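In the working numbering, the protein residues as written are 774 to 1166.
Glycine residues also receive a C-beta, built at the ideal position from the N, C-alpha and C atoms.
Computed from a predicted model, the values in this text were never measured in an experiment.
Please read the structure below before turning to the comments.
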Ligand code: SF4
């Protein structure tokens, strides 16, 4: 049985391939960390010092605390830390850290709103499936009414609203551990210190919600274990890739990284680059041809209608025109896609292949719910034939 954690699960959900590199192969990335993670780590260490000192009856001054943060920054910062938002300098991030600490200090001084019993706790929760869940709470404490607080410092610039807080998995899982450990707890409150906004947000869960959450977590763990058995860890390209430390060895990005490191003359001669350029230009031409074909079809239909004929002749062949019924896809395709996915048919239609859908519709092979989303309209089918003015069929 293994130890799982919020960061393991969210890494897997964001990108299974990154999960494999980080947690299975334990690949050491060339880039040490991102500036956001570096800042977050240092702010956490500074908060840890503040509360550790308090345990020893030492109320560290704001000046001392900021100096602790800045000394850490100087000691640990290195130029190979990844900065994605290149319009900002490391200095901007350092100042952000100073502001977070300073605002927090002013807001909570003298830090006695709760009795702190745990800082950066390290423990595990035994799950009913035999696996363990890592418990690492930034700050744990209780107030005079025996309400327990599971606190987390957030240094990200994205605001967490109540809906997000109520859906958060990390602190909710921690609260199961608190509930089992501290039987005197009247309430267990999940609290996020949104340091970038000098604000806090609180959420609470019912026992029912927690047992449902535990089931979801175990189902996700099972999925990961299955993927591990089958060695199935596909890449998942998303906005998170910008912050991924493994781009250099990721199949979805390594060619790009390689190209970026080549001198211009080698860059231009890269076989992959040439092939991809050619392929993209073929795709572009095909699309242009498709548009031209559609225009010509409309013009031919008009011509045939005016003349009252069903075949139009050319030197090299002919075009026959037949009136047919065909399906019309709904304007908002989301419901159709959702239904196809639910019925396990999405792949069958190659992610919404029109002609296959059309033929299944008329062969009455579609589930009724999907059929009812599609309308039928009159249209024309054009067929090119070899037989024309100058060629024999
Ligand atoms: S770069 Fe993106 S796709 Fe590749 S491993 Fe990282 S997160 Fe996954």
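- In the displayed model, residue 1076 falls within a helix according to three-state DSSP.
- For the set 1145, 1096, 1084 and 1109, the Cα lying nearest the Cα of residue 1159 is the one of 1084.
- Within the same chain, and ignoring the five residues on either side of residue 843 in sequence, the residues whose Cβ sits closer than 8 Å to its Cβ are 867 and 871.
- With fewer than 16 other Cβ atoms from the protein chains shown falling within 10 Å of its own Cβ, residue 1038 counts as exposed.
- Apart from the 5 residues on each side of it in sequence, residue 1103 sits with its Cβ closer than 8 Å to the Cβ of 1109, 1146, 1147 and 1148 in its chain, given in chain order.
- Here residue 817 has 911 and 926 as same chain residues with Cβ atoms under 7 Å from its own Cβ, once five neighbours each way along the sequence are excluded.
- DSSP places residue 876 within a helical segment (H, G or I) once states are collapsed to three.
- In this structure the region 1124-1137 does not lie against the region 1068-1081, because fewer than three pairs of beta carbons, one per stretch, are closer than 8 Å.
- If you look at residue 974, you'll find it in the beta strand (DSSP E) that goes 972-976.
- Judged by the Cβ position, residue 1020 qualifies as a neighbour of the ligand SF4 at the 7 Å threshold, a heavy atom of the ligand being closer than this.
- Note on geometry: alpha-carbon atoms of residue 995 and residue 865 lie some 42 Å from one another.
- The alpha-carbon separation between residue 969 and residue 1065 amounts to approximately 54 Å.
- Contact between the region 832-841 and the region 891-899 is absent: fewer than three C-beta pairs spanning the two stretches fall below 8 Å.
- A residue is called buried once 16 or more other Cβ atoms fall within 10 Å of its Cβ, and residue 1141, having fewer, is exposed.
- Distance from the Cα of residue 798 is smallest, within the candidate group 1006, 830 and 814, for 1006.
- The region 1066-1141 is shown to contain whole alpha helix (DSSP H) runs of 4 or more residues at 1107-1115 and 1127-1135, in chain order.
- Relative to the non-hydrogen atoms of the ligand SF4, the Cβ of residue 909 never comes closer than 7 Å to any of them.
- In terms of side-chain proximity, the C-beta atom of residue 895 is found no nearer than 7 Å to any non-hydrogen atom of the ligand SF4.
- Using a 10 angstroms sphere on the CB of residue 975, the tally of other CB atoms stays under 16, which defines it as exposed.
- Ranked by Cα distance from residue 1019, the first of 805, 774, 1127 and 1135 is 805.
- Spatial neighbours of residue 1135 in its own chain (CB-CB distance under 6 Å, excluding positions within 5 residues in sequence) are not present.
- Between the region 900-916 and the region 984-993, the count of C-beta pairs closer than 8 Å reaches three or more; the two stretches touch.
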